[in-house]
Amino acid sequence: MEHARNPRNVGVIRGAKKILAKNPFCGDEAEIYLKIKNNKVIDIKYQIQGCILSRASLSIFSEYIKGKSTSAVSKIKDEDIFKMIGGTPSPSRQKCVLFGCEAIHANLDTWPKKNPSTRLMTRRSQK
Amino acid sequence: MPLNSEKVKKDFPILKRGIIYFDNAATTQKPRVLAERLAERYAKSHANVHRGAYKMAEETTEAFENARQKIADFLSAESSKEIIFTRNATEAINLVAYSFGRKLKRGDRILTCVSEHHSNFVPWLRVAKERGLKLDVVELTANHNFNFADFRKKLNKKTKLVAVAHISNVSGYIYPVERITREAHRVGALVLIDGAQSVGHMPVNVKKIGCDFFAFSGHKMLGPSGIGALWGREEILKNMEPFMSGGEMIREVTLKNVTWNDLPWRFEAGTPNIEGAILWGEAIDYLKKIGMKNIEAYERELLKHALLKMKKLPFIDLMKMLDLGGRTGIISFNIKGVHPHDASTMLDQYGICVRAGTHCAQPFMNHLGVPSTLRASFYLYNTKREIDYFIRALKEIHKKFI
Numbered sequence: 001m002e003h004a005r006n007p008r009n010v011g012v013i014r015g016a017k018k019i020l021a022k023n024p025f026c027g028d029e030a031e032i033y034l035k036i037k038n039n040k041v042i043d044i045k046y047q048i049q050g051c052i053l054s055r056a057s058l059s060i061f062s063e064y065i066k067g068k069s070t071s072a073v074s075k076i077k078d079e080d081i082f083k084m085i086g087g088t089p090s091p092s093r094q095k096c097v098l099f100g101c102e103a104i105h106a107n108l109d110t111w112p113k114k115n116p117s118t119r120l121m122t123r124r125s126q127k
Numbered sequence: 128m129p130l131n132s133e134k135v136k137k138d139f140p141i142l143k144r145g146i147i148y149f150d151n152a153a154t155t156q157k158p159r160v161l162a163e164r165l166a167e168r169y170a171k172s173h174a175n176v177h178r179g180a181y182k183m184a185e186e187t188t189e190a191f192e193n194a195r196q197k198i199a200d201f202l203s204a205e206s207s208k209e210i211i212f213t214r215n216a217t218e219a220i221n222l223v224a225y226s227f228g229r230k231l232k233r234g235d236r237i238l239t240c241v242s243e244h245h246s247n248f249v250p251w252l253r254v255a256k257e258r259g260l261k262l263d264v265v266e267l268t269a270n271h272n273f274n275f276a277d278f279r280k281k282l283n284k285k286t287k288l289v290a291v292a293h294i295s296n297v298s299g300y301i302y303p304v305e306r307i308t309r310e311a312h313r314v315g316a317l318v319l320i321d322g323a324q325s326v327g328h329m330p331v332n333v334k335k336i337g338c339d340f341f342a343f344s345g346h347k348m349l350g351p352s353g354i355g356a357l358w359g360r361e362e363i364l365k366n367m368e369p370f371m372s373g374g375e376m377i378r379e380v381t382l383k384n385v386t387w388n389d390l391p392w393r394f395e396a397g398t399p400n401i402e403g404a405i406l407w408g409e410a411i412d413y414l415k416k417i418g419m420k421n422i423e424a425y426e427r428e429l430l431k432h433a434l435l436k437m438k439k440l441p442f443i444d445l446m447k448m449l450d451l452g453g454r455t456g457i458i459s460f461n462i463k464g465v466h467p468h469d470a471s472t473m474l475d476q477y478g479i480c481v482r483a484g485t486h487c488a489q490p491f492m493n494h495l496g497v498p499s500t501l502r503a504s505f506y507l508y509n510t511k512r513e514i515d516y517f518i519r520a521l522k523e524i525h526k527k528f529i
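The listed protein sequences correspond, in order, to chains L and V. Quick note: the first sequence uses our numbering, first residue 1, plus one each step. Quick note: the second sequence uses our numbering, first residue 128, plus one each step.
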């Protein structure tokens, strides 16, 4: 709740890779800026228009991954993210928590290729 | 006799769960009689239809075709030949997109509306892309109702099909389908009406509307899911190619050739949803007993009760959809400052089931300028007391968030 009211790392990084994330279930959207150097997440900022769950989880997730290696970040599982936010939401709301994180994951896979995929959430969306 | 909702409620065992079910535009609950009839059928008579020459097969076929007749009568259709069973309204629309849409030629136009459910939008978008057709889209008025002037402007000699909803699943507004049909026929276009939100909520007479196709679903009118139908004018269906191929839809098959079965079976390849159709017929009997005019009047009463109360809440955004007349019991709204999904999760804690999201109408959401909304939709087993409780819940939720 506190993270939802005062989300961390909100903003824009000029010149950084921009990732667009969309939750098709409700139409929520986030723009995520990632700065990666030597396989390490140096900085992350984002702008989000979404519900409490999506705002809080992206805030918590962004704090968590800052400074971590890309391989460590890509190993984070859905369950780990639910733990970070303090519980597993009901099935219909899980997407709210995951859609931003999934977008980051999907892009880490294709890093450092020049054109990382912005087609998101196809990988794990059917649960 | 006016509808007695407390009495009606007793026919719906699921409501004893202690829920307030306001998501009837998505699907409705089922009266007890459906479960009873299903148990009865499985225990006493089940066989495939239109095949076996034994008694039980004949019984099942008769029950299945009886249901078709009930549905035809419910819409005042000319004949049961004009009722084609599908899985749902979506499949009924896709049938027309596939069988009729494929006959259209490059440069032909299809006219639909920005408020359409994806089921009456995406099939046309696809067929237009595949066939090189032009898809025209009717805009809405300032209060998000069907814009008839814009419709007339976009209708022309090239328009081959007009596809619009009878009732918007977002606003609940009843569109002027009779006038739309008259205008469309004047330029020689056929008309498909998506009746998913209208049948079961008001009397519907396809002859009076004058349209050429009418798509609707069983589960939105107390029937089971997995069964829907397309009503089509016989002389038009007769000249359309089949949708799917397989058993039932053929007359004769040789190694090199095939001829088609008569209507309506030509469009019903494979074993149909036999029990679904029969139970849908039961649901129609139930609705008829209560009376469609009564249901329509009662729903309007619920709408009025809810809308007048919601209008008074300054933190409720009704997005200019304030009309009381020409509308069924559907209200889309938002609680200012509260995300619709958070609000719906909170309402769930009060036992209130409402829908949050885009309602399968993303172009409509874009038009409204919101990512998503909440939607409360009423039916014959809802009560004013439930609405009062819902209003109290809205106030409490708003207080918690602000």
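All C-beta atoms, glycine included, are put in the ideal place defined by N, C-alpha and C.
- Note that the C-beta distance between D321 (chain V) and N247 (chain V) is below 8 angstroms.
- Here T239 (chain V) is buried, its C-beta having at least 16 other C-beta atoms within 10 Å.
- The alpha-carbon of I518 (chain V) is positioned some 29 angstroms away from that of P490 (chain V).
- The Cβ atoms of N23 (chain L) and F82 (chain L) do not sit closer than 8 angstroms to each other.
- Contact check for A470 (chain V) and I462 (chain V): beta-carbon distance about 5 angstroms, within the 8 angstroms limit, so the pair qualifies.
- Taking C-beta atoms as the reference points, N388 (chain V) and F212 (chain V) fail to come closer than 8 angstroms.
- Contact residues of the stretch 93-106 of chain L toward chain V are R93 and C96 (C-beta to C-beta distance below 7 angstroms).
- Here E31 (chain L) is bridged, per DSSP, to L:L20 and L:Q47.
- Look at S226 (chain V) here: in three-state DSSP terms it is helix.
- R55 (chain L) counts as buried, since at least 16 other C-beta atoms from the protein chains shown sit within 10 angstroms of its C-beta.
- With a 10 Å radius around the Cβ and a threshold of 16 neighbouring Cβ atoms, L430 (chain V) comes out buried.
- For V326 (chain V), the closest of V:D235, V:S172, V:A152 and V:V264 by C-alpha to C-alpha distance is V:A152.
- With fewer than three CB-CB distances shorter than 8 angstroms, the stretch 327-341 of chain V does not count as touching the stretch 171-186 of chain V.
- Chain order gives the chain L residues near D469 (chain V) as C51, I52 and L53, where near means a beta carbon separation below 8 angstroms.
- Rounded to the nearest whole angstrom, the C-alpha separation of I52 (chain L) and V97 (chain L) is 9 angstroms.
- Three or more pairs of CB atoms, one per stretch, sit closer than 8 angstroms, so the stretch 336-344 of chain V contacts the stretch 305-322 of chain V.
- In its chain, beyond the 5 residues on either side, I462, K463 and H525 have a beta carbon closer than 7 angstroms to the beta carbon of F442 (chain V).
- Straight through space, the alpha carbons of G453 (chain V) and A269 (chain V) are spaced by roughly 16 angstroms.
- Of all residues in the stretch 13-28 of chain L, only F25, C26, G27 and D28 place a beta-carbon less than 7 angstroms from a beta-carbon of chain V.
- Within chain L, not a single residue places a beta-carbon under 7 angstroms from that of H494 (chain V); the smallest gap is close to 13 angstroms.
- The count of Cβ pairs closer than 8 angstroms, one atom from the stretch 224-236 of chain V and one from the stretch 358-378 of chain V, reaches three, so the stretches are in contact.
- The three-state secondary structure of V331 (chain V), taken from DSSP, is coil.
- For K281 (chain V), the enclosing alpha helix (DSSP H) stretches over residues F275 to K281.
- Excluding its 5 nearest sequence neighbours in each direction, N274 (chain V) has C-beta neighbours in its own chain below 8 angstroms: V265, E266, L267 and T268, listed in chain order.
- Contact annotation: N107 (chain L) and I19 (chain L) have beta-carbon atoms nearer than 8 angstroms.
- For the set V:L451, V:K447, V:R144 and V:K197, the Cα lying nearest the Cα of Y413 (chain V) is the one of V:K197.
- Per the DSSP secondary-structure output, F394 (chain V) pairs with nothing in a beta bridge.
- Per DSSP, E379 (chain V) is one residue of the beta strand (DSSP E) stretching across I377 to V380.
- Just so you know, the alpha carbons of A483 (chain V) and E409 (chain V) end up roughly 31 angstroms apart.
- In the three-state reduction of the DSSP assignment, N384 (chain V) falls in the coil class, being assigned neither a helical nor a strand state.
- Contact with chain L is absent for A520 (chain V), since none of that chain's Cβ atoms lies less than 8 angstroms from the residue's Cβ.
- Neighbours of S499 (chain V) across chain L, judged by C-beta separation under 7 angstroms: C26 and G27.
- Taking a beta-carbon distance threshold of 8 angstroms, G456 (chain V) does not count as an interface residue toward chain L.
- At a cut-off of 3 residues, the continuous stretches assigned as beta strand (DSSP E) that sit fully inside the stretch 289-374 of chain V are 317-321, 340-344 and 355-359.
- The residues K35 and I36, in chain order, have a CB closer than 7 angstroms to that of I42 (chain L) in the same chain once the five nearest residues on each side in sequence are set aside.
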